[in-house]
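Participant: Questions regarding the structure given below will be posed in turn.
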Amino acid sequence: MGTVIVGAGPTGLTLARALQRCGAPFRLLEKSPIPFQGSRGKGLQPRTQEVLNDLGLLDRFLAAGADYPDLLIHLPGGQTMRQRMDELKQPTPSTPWPNVLMVPQWRTCELLADGLPVEYGVGLAGLTQQDGGVHITLDNGETIFTRYLVGADGGRSTVRRELSVGFEGTTHETEQMIVADVRVPGLDRGAWHIWPAEDRSLRLGLCPLPGTDLFQATTAAVDVPLGELVPEVEITEVVWRSLYRANIRMVSRYRVGNVFLAGDAAHVHSPAGGQGLNTGIQDAYNLGWKLATGNDALLDTYEQERLPVAADVLGISTRLHRRTMDGAQDAMRRDDPTLHQLRLGYRSGPLARDHREKPGTVRAGDRAPDAPLATGTVFDLLRGPHATLLAFGWEGDLPTSVPAHRVDEAAAAYDLDGPTLVLVRPDNYIGCVTSSIDDVTAYLRLIGVHT
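Number 1104 in our numbering belongs to position 213 of the sequence shown; there are no gaps in the numbering.
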């Protein structure tokens, strides 16, 4: 067996998708007997939508989701006020999906899992590493030998515990929130309804979930029954419910031998800012193509690239959480462009090679921007499990070991002037920028592509 993935949430499912399209063997195990049922992580950031586009799934997500609605704040005395968490933006040639897409987490899991061989009701009981791989014991008594194991099994990760990897951070037991999926007949579904408490904390929020007749209910008043929070609102059914405690933690290691941690198994965030699910998907997308190569040195770069990103994202989520807990007047604002994850990259990472004397605004390590071409777009060329060479103003021959395209019309999007070769990694980050074919050949060897 090539890779065993423990956990079939968004992180594990995305990793399985990435391995599947590379033709790499895997098993995907989920301890729960059924798929996840709640709405919990409902916001898909623009960078995550680009990943889904690369996987050929975005159209299904767009059909299942919707833009976030206005906040309709119900003030004391019966008055209301409308505002937005973030203003809607128009698509641009380089960023075709600039807004957060709301999709209930259960639907995200359903769409990602479609066609994947998920083994429900099967969990990990133990593991040992030897013989160049991992010996696994499952809770049904089965034993497996696999080359790689990935723990994508959430904040209470069994894989992380078996590795004895610390989960540093804090748990604020007094900062709790109920999240639930409820039916509220007759309530306007064109807005996200907010009832603040006198101290500006959240007494009740009801957000309409697209593609359903449900609302996601949130409240910091955990000791009050949902149906008693706002007398004028009738909650007729609670379909799913979860108690959230403010956990802000992350690991110091993403890799121990041939075992890797990803998603909530490696970092847990406040839900403020909608970063947790999205960061897990990005973990999986970084790791998937590297696992498929079996290149040990390349697999080391997973931790080197993703751990600093997780630390930064944890900081952003924590700051937003504190504003919410402190009752800040703008606590619901989400207009920091960093939240969209389009600016996250690996410029200082081990796989960024920019050979120009004066790099432009788009550099090695950055997300590869989209751009219109005579036929299609740059993203159309990048879609798939391969690295892609983009040639700008290049008149010489191009290598045949990876798909190569002359794309002079996209030079402005990449801030280029003069003949330049841009090699884009399989996860659609820029790996190498150069004016030398030899640099491209060396980079392909670095990422495990035979030349």
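Even for Gly, the Cβ is constructed at its ideal location relative to N, Cα and C.
1. What are the boundary residues of the alpha helix (DSSP H) that residue 944 is part of?
2. If you reduce the DSSP assignment to three classes, tell me which class residue 907 lands in.
3. Hey, quick one: how far does the alpha helix (DSSP H) through residue 1050 stretch, first residue to last?
4. Provide the residue span of the beta strand (DSSP E) that contains residue 952, from first to last.
5. With a 10 Å radius around its C-beta and 16 neighbouring C-beta atoms as the bar for buried, classify residue 1048 as buried or exposed.
6. Let me know the beta strand (DSSP E) ranges lying completely inside the segment 1270-1314, each 3 residues or longer, listed in chain order.
7. Taking the alpha helix (DSSP H) that residue 1334 falls in, what are its first and last residues?
8. Buried or exposed, going by whether 16 or more other CB atoms sit within 10 Å of the CB of residue 1036?
9. If residue 937 sits next to residue 988, beta carbons under 8 Å apart, how far is it from one beta carbon to the other, in whole angstroms?
10. Report the rounded CA-to-CA distance for residue 1249 versus residue 1027, giving the unit in angstroms.
11. Spell out the partners DSSP gives residue 1074 in its beta bridges.
12. On a CA-only basis, which of 1253, 1247, 1128 is nearest residue 1237? Give me that one, please.
13. What are the start and end residues of the alpha helix (DSSP H) that includes residue 1172?
14. Do residue 1280 and residue 1298 have their C-beta atoms within less than 7 Å of each other?
15. State the CB to CB distance for the pair residue 1129 and residue 1120, rounded to an integer number of angstroms; the pair is presumed to be in contact (CB under 8 Å).
16. Which residue from 1204, 1148, 1176, 1192 puts its Cα closest to that of residue 1159?
17. Between residue 1020 and residue 1065, what straight-line distance do the alpha-carbon atoms span, to the nearest angstrom?
18. Note down the Cα distance separating residue 1340 from residue 1330, rounded to an integer number of angstroms.
19. Assign residue 1216 to buried or exposed, taking buried as 16 or more other Cβ atoms, counted over all protein chains shown, within 10 Å of its Cβ.
20. Excluding five sequence neighbours on each side, which residues of the same chain lie with their C-beta closer than 6 Å to the C-beta of residue 1259?
21. Considering only the beta carbon of each residue, do residue 1179 and residue 1043 sit closer than 7 Å?
22. Apart from the five residues just before and just after residue 1073, which ones in its own chain have a Cβ nearer than 7 Å to its Cβ?
23. Among 1157, 1196, 1038, 1013, which has the Cα closest to the Cα of residue 1025?
24. Comparing alpha-carbon positions, which option in 1232, 1196, 1146, 1076 lies nearest residue 1123?
25. For residue 974, does the count of other Cβ atoms within 10 angstroms reach 16, so buried, or fall short, so exposed?
26. Could you name the residues that DSSP lists as bridge partners for residue 1234?
27. Assuming residue 1172 and residue 901 form a contact by the criterion Cβ under 8 Å, report the distance between their Cβ atoms to the nearest whole angstrom.
28. Per the contact definition of three or more C-beta pairs closer than 8 Å, is the segment 937-947 in contact with the segment 1265-1280?
29. Using 7 Å as the threshold, is the C-beta distance between residue 1082 and residue 977 below it?
30. Nearest CA to the CA of residue 914: which residue from 1089, 990, 1185?
31. Can you tell me the Cβ-Cβ gap for residue 1301 and residue 1262, rounded? I've got them flagged as a contact below 8 Å.
32. With a 10 Å radius around its C-beta and 16 neighbouring C-beta atoms as the bar for buried, classify residue 909 as buried or exposed.
33. Cα separation between residue 1306 and residue 1177?
34. Roughly how many whole angstroms lie between the Cα atoms of residue 1114 and residue 1094?
35. In three-state DSSP terms, what is residue 1108?
Facilitator: In short, the structure shows the following:
1. For the purposes of this step, residue 944 is taken as the residue at position 53 of the sequence shown. DSSP places residue 944 in the uninterrupted alpha helix (DSSP H) bounded by 937-945.
2. As a working note, residue 907 is residue 16 in the sequence shown. For residue 907, the secondary structure class from DSSP, reduced to helix, strand or coil, is helix.
3. If you number the sequence shown from 1, residue 1050 lands on position 159. DSSP places residue 1050 in the uninterrupted alpha helix (DSSP H) bounded by 1049-1054.
4. In the sequence shown, the residue the question calls residue 952 occupies position 61. For residue 952, no beta strand (DSSP E) segment is defined; the enclosing uninterrupted segment is the alpha helix (DSSP H) at 949-955.
5. As a first step, residue 1048 is located in the sequence shown; it is residue number 157 there, counting from the start. Burial call: buried.
6. If we require 3 residues or more, the beta strand (DSSP E) runs fully inside the segment 1270-1314 come out as 1279-1283, 1295-1297.
7. Here residue 1334 corresponds to residue number 443 of the sequence shown, with the count starting at 1. Boundaries of the alpha helix (DSSP H) harbouring residue 1334: 1328-1337, taken from the DSSP string.
8. The residue given as residue 1036 occupies position 145 in the sequence shown. The residue is exposed, with fewer than 16 neighbouring Cβ atoms inside 10 Å.
9. Taking the first residue of the sequence shown as position 1, residue 937 is located at position 46. Taking the first residue of the sequence shown as position 1, residue 988 is located at position 97. A Cβ-Cβ separation of about 5 Å places residue 937 in contact with residue 988 under the 8 Å criterion.
10. Sequence index remark: in the sequence shown, residue 1249 carries index 358 (1-based). Sequence index remark: in the sequence shown, residue 1027 carries index 136 (1-based). Taking the straight line joining both Cα atoms gives about 50 Å.
11. One-based indexing of the sequence shown puts residue 1074 at position 183. Per the DSSP secondary-structure output, residue 1074 pairs in a beta bridge with 1128.
12. Reading the sequence shown from its first residue, position 346 is the one you call residue 1237. Comparing Cα-Cα distances from residue 1237 to each of 1253, 1247, 1128, the minimum goes to 1253.
13. The residue you call residue 1172 lines up with position 281 of the sequence shown. Taken as a continuous stretch (DSSP letters only), the alpha helix (DSSP H) holding residue 1172 covers 1167-1184.
14. The sequence position of residue 1280 within the sequence shown is 389, counting from 1. The sequence position of residue 1298 within the sequence shown is 407, counting from 1. No.
15. By one-based count along the sequence shown, residue 1129 stands at place 238. By one-based count along the sequence shown, residue 1120 stands at place 229. That pair is no contact at about 12 Å.
16. Locating residue 1159 in the sequence shown gives position 268, counting from the first residue. Scanning 1204, 1148, 1176, 1192 for the CA closest to the CA of residue 1159 turns up 1204.
17. In the sequence shown, residue 1020 corresponds to position 129, counting from 1. In the sequence shown, residue 1065 corresponds to position 174, counting from 1. Straight-line Cα distance between these residues: approximately 39 Å.
18. Here residue 1340 refers to the residue found at position 449 when the sequence shown is read from its first residue. Here residue 1330 refers to the residue found at position 439 when the sequence shown is read from its first residue. So the alpha carbons of these two residues sit roughly 13 Å apart.
19. The residue given as residue 1216 occupies position 325 in the sequence shown. Confidence in residue 1216 is poor, its pLDDT being 45 and thus under 50, which makes the residue's placement unreliable; the coordinate value appears in the next sentence. With a 10 Å radius around the Cβ and a threshold of 16 neighbouring Cβ atoms, residue 1216 comes out buried.
20. Position 368 of the sequence shown, counted from the start, is the residue given in the question as residue 1259. So the qualifying residues of the chain are 1315, 1319, 1321.
21. Numbered from its first residue, the sequence shown carries residue 1179 at position 288. Numbered from its first residue, the sequence shown carries residue 1043 at position 152. No. Outside cutoff.
22. Here the question's residue 1073 lines up with position 182 in the sequence shown. Short of 7 Å from the beta carbon of residue 1073, and not among the five residues preceding or following it, lie these beta carbons of its own chain, in chain order: 1105, 1106, 1108, 1117, 1126, 1128, 1129, 1130.
23. Position 134 of the sequence shown, counting from 1, holds the residue named residue 1025. Ranking 1157, 1196, 1038, 1013 by Cα distance to residue 1025 puts 1038 first.
24. Counting from one through the sequence shown, the residue named residue 1123 turns up at place 232. Closest by alpha carbon: 1076.
25. Here the question's residue 974 lines up with position 83 in the sequence shown. Taking a 10 Å sphere around the C-beta of residue 974, we find fewer than 16 other C-beta atoms and assign the residue as exposed.
26. By one-based count along the sequence shown, residue 1234 stands at place 343. Residue pairing from DSSP leaves residue 1234 without any beta-bridge partner.
27. Within the sequence shown, the letter at position 281 stands for residue 1172. Within the sequence shown, the letter at position 10 stands for residue 901. About 6 Å separates the two Cβ atoms, so the contact holds.
28. Counting Cβ pairs under 8 Å, three or more are found: they touch.
29. Taking the sequence shown and counting its residues from 1, one reaches residue 1082 at position 191. Taking the sequence shown and counting its residues from 1, one reaches residue 977 at position 86. When the beta-carbon positions are compared, residue 1082 and residue 977 stay at least 7 Å from each other.
30. Stepping through the sequence shown from its first residue, residue 914 is reached at position 23. Of the listed residues, the one whose Cα sits closest to residue 914 is 1185.
31. By one-based count along the sequence shown, residue 1301 stands at place 410. By one-based count along the sequence shown, residue 1262 stands at place 371. At roughly 4 Å, the Cβ-Cβ gap stays under 8 Å, so residue 1301 and residue 1262 are in contact.
32. The residue you call residue 909 lines up with position 18 of the sequence shown. Counting C-beta atoms within 10 angstroms of its own C-beta, residue 909 has 16 or more neighbours from the protein chains shown and is therefore classed as buried.
33. Taking the sequence shown and counting its residues from 1, the one referred to as residue 1306 is at position 415. Taking the sequence shown and counting its residues from 1, the one referred to as residue 1177 is at position 286. Each residue's alpha carbon lies about 25 Å from the other.
34. Within the sequence shown, the letter at position 223 stands for residue 1114. Within the sequence shown, the letter at position 203 stands for residue 1094. Cα to Cα, residue 1114 sits roughly 11 Å from residue 1094.
35. For the purposes of this step, residue 1108 is taken as the residue at position 217 of the sequence shown. Taken through DSSP and simplified to helix, strand or coil, residue 1108 comes out as strand.
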